[in-house]
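Chains as they are written, first to last, in the numbering used here: chain A, 1 to 347; chain B, 1001 to 1347.
Think of the CB as a built atom: it goes at the ideal place given N, C-alpha and C, for glycine as much as any other residue.
The next block holds one structure in the form of structure tokens; read it before the comments.
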């Protein structure tokens, strides 16, 4: 804070990018709403979805992009290459699309061992093959030593929307069930533990994985999926607050139904983190009519990546824009979007 | 070089990324052929085009991506934002597609003034509007201070192919005319002059511009466009050598027909650069039957961005894979792909 004091806002010209602008929480949202959206306005950006829905010559497409700057490049359960494939595949899945084609753009730092690049690219290839998507176009740039951090990677993806459903917060209704596809917090804790050299009794592995198969199975089963959201930066809490705000409805969650593994819970306590705000890379929530919840859980549990799916709460019109967690024993708390930067460079 | 000497190749594990791997010349090609392609193989990557051609539900699409790491972020005639829009629009145009939708992924360095980001994003918005494309999806990550260089930007694009032509080196035939859309070298020299603080009598401005309008006009006029290539990293020489190698044919160029502005020529001489290897961002070559060259030039010259179009040579089967330049007075030289790194971080 300058000596002018808190009552005098700093002039705009001295504002600078903070790590928290990339954290997926409140400052990320503010940057999007106040800087990107006004300059780049389009109906698709205004939908504030994980990807854009497009109509091209009779085909309905989804289009999405994500930059990856994870540190370290290689971590238990994955690396920046597989993560970048899973992340974009999952963004397309959250649009209800079948992921088909990916692009990859590398920003390499001069001096990066080619063996590291080879490993990351091999991992990308394997992840793409496993997810049934093709890497069809790419680009490589090199920046001078000290101007990068090994490599940054941006993947974009195109998928085909094969159904007529309108998936998004605007379709969420009071009475919808909220399903969670599995346990929380493993990606964030795996990264944090590697970076900080923390040792736990067992190695916590990232949950990084493609989730399009169970999502497409829900749609193919004819279930009325209202909204899907993957739980990356900012975790479950940020995703649900975003949906609640966009839908103008509230979410009431039962904490006892939200799975967090014991070692992840322990690591979170040690590090002072809320597992509901920690990033995942293979987890999503699904909103659909409560009457279909049981059938949807059956479908999800048939897929290994969502075998641990649970119903964690319901949508209500009682407290619009708020997410309330019943923590047991009659107490409850409001969940908030991540504010500040909890775990920089998590993805 | 290690003390083992030149006769003993270094083990693979000590190989590292060099600036020249991002230069668009020989080392870039080697990285693609030896590292990326084997791990990520797909028919689209094997086509070695500026973008991928896809079929989705009856629609023919083009999909392309480029990372931008240009230094400085703002230069005479443009900035990283407009450059990223033009670059991806042009890659789609080189596939014969009408550019429609763009994504943008930002890697911001902590501490970047928000005023710089605002300027770049405003410039992206204006460039997209001018090119008739919509920015429909995006992402922002932030890296710690000293791990970036202000900002890196990756744009991907999707376009619609509205004609049936097969555009690519495989369609090039002996006897084809080679058309060049305008003068060479301004983008590279504008960047270099800014970076090195060079002063010329006039400010040399980048040629950065979208070129889809004249390309689509050629196709709409029913001209048989065989191949298109934009002249970015590595310049005219690298682009023509690539096409000649892929087509298994030779190119014979008339140097007198290749426009280079006097101040650009002077700067190249001062800096020891070959203007035919300097990057452009609003220039392309077009291969089509010689009998259609005059009509094609008429079409191109109606568009300001290609008002200076000329016929610079012909394709022949005489010297497969080689590009020969007639420099006048009976002398000639073979053009080579850029080797090493001439101008790092040009785009």
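When the cut-off is 8 Å and only beta carbons count, does residue 195 of chain A lie next to chain B?
-> no
Can you check whether the CB of residue 181 of chain A is closer than 8 Å to the CB of residue 306 of chain A?
-> yes
Are the beta-carbon atoms of residue 86 of chain A and residue 134 of chain A separated by less than 8 Å?
-> no
Do the stretch 154-166 of chain A and the stretch 228-241 of chain A meet, that is, are 3 or more Cβ pairs less than 8 Å apart?
-> no
Give the residues of chain B in contact with residue 124 of chain A, contact being defined as C-beta atoms less than 8 Å apart.
-> 1039, 1040
Please decide whether residue 1188 of chain B counts as near chain A, where near means a Cβ-Cβ distance under 8 Å.
-> no
Would you mind stating whether residue 1177 of chain B and residue 1264 of chain B have Cβ atoms separated by less than 8 Å?
-> no
For residue 118 of chain A, decide whether its Cβ has a neighbour in chain B, counting only Cβ atoms nearer than 8 Å.
-> yes
State the Cα-Cα distance for the pair residue 162 of chain A and residue 338 of chain A, rounded to the nearest angstrom.
-> 34 Å
Classification of residue 273 of chain A by the beta-carbon crowding that lies within 10 angstroms, buried from 16 upward = buried
Is there at least one Cβ from chain B nearer than 8 Å to residue 209 of chain A's Cβ?
-> no
If we cut at 8 Å on Cβ distances, does residue 200 of chain A have a partner in chain B?
-> no
Compute the distance between the beta-carbons of residue 349 of chain A and residue 1125 of chain B, then report whether it is under 8 Å.
-> Residue 349 of chain A lies beyond the range of chain A shown here (1 to 347); nothing can be said about it.
Would you say residue 1061 of chain B faces chain A, with C-beta separation under 8 Å as the test?
-> yes
Would you mind telling me which residues of chain B sit closer than 9 Å to residue 144 of chain A, beta carbon to beta carbon, in chain order?
-> 1019, 1071, 1149, 1344, 1345
Residue 213 of chain A lies in the alpha helix (DSSP H); which residues open and close that run?
-> 212-220
Local Cβ density within 10 Å of residue 1410 of chain B, reported as buried at 16 or more and exposed below that = The requested residue 1410 of chain B is not part of the displayed model; chain B covers only 1001 to 1347.
Can you tell me whether DSSP reads residue 196 of chain A as helix, strand or coil?
-> helix
For residue 958 of chain B and chain A, any beta-carbon pair shorter than 8 Å?
-> This structure leaves residue 958 of chain B out entirely; chain B is present only between 1001 and 1347.
Range of the contiguous alpha helix (DSSP H) that encloses residue 1092 of chain B | 1080-1094
Please check if any C-beta of chain B sits within less than 8 Å of the C-beta of residue 181 of chain A.
-> no
Which residues mark the beginning and the end of the alpha helix (DSSP H) in which residue 1038 of chain B is found?
-> 1037-1040
What does residue 1105 of chain B reach in chain A if we use C-beta pairs closer than 7 Å?
-> 65, 66, 67, 154
Could you spell out where the alpha helix (DSSP H) holding residue 238 of chain A opens and where it closes?
-> 235-247
Considering only C-alpha positions, which residue in the set A/111, A/240, A/194 is nearest to residue 169 of chain A?
-> A/240
Minimum C-alpha distance to residue 1300 of chain B - residue among B/1252, B/1322, B/1215 = B/1215
Helix, strand or coil for residue 1208 of chain B per DSSP?
-> coil
Report the neighbours of residue 1339 of chain B on chain A: residues whose CB is nearer than 8 Å to its CB, in chain order.
-> Per Cβ cutoff of 8 Å: no residues; residue 1339 of chain B is ~15 Å from chain A at best.
Which bits of chain A does residue 1036 of chain B rub up against, with CB to CB less than 7 Å?
-> 121, 138
Residue 110 of chain A at chain B interface by Cβ criterion, 8 Å = yes
Sequence-distant residues of the same chain with beta carbon closer than 7 Å to residue 205 of chain A, five excluded per side = 76, 77, 186, 190
Residue 315 of chain A CB to nearest chain B CB: under 8 Å?
-> no
Near residue 297 of chain A, which residues of its chain fall below 8 Å by C-beta distance, leaving aside the five closest residues on each side in sequence?
-> 179, 309, 310, 311
Spatial neighbours of residue 1219 of chain B within its chain, please: CB distance less than 7 Å, with the 5 preceding and 5 following residues excluded, ordered by chain position.
-> 1096, 1163, 1165, 1225
If we count Cβ pairs, one from each stretch, closer than 8 Å, do we get three or more for the stretch 37-57 of chain A versus the stretch 1041-1049 of chain B?
-> no
Using 8 Å as the Cβ pair cut-off and three pairs as the minimum, do the stretch 1101-1117 of chain B and the stretch 1142-1153 of chain B touch?
-> yes
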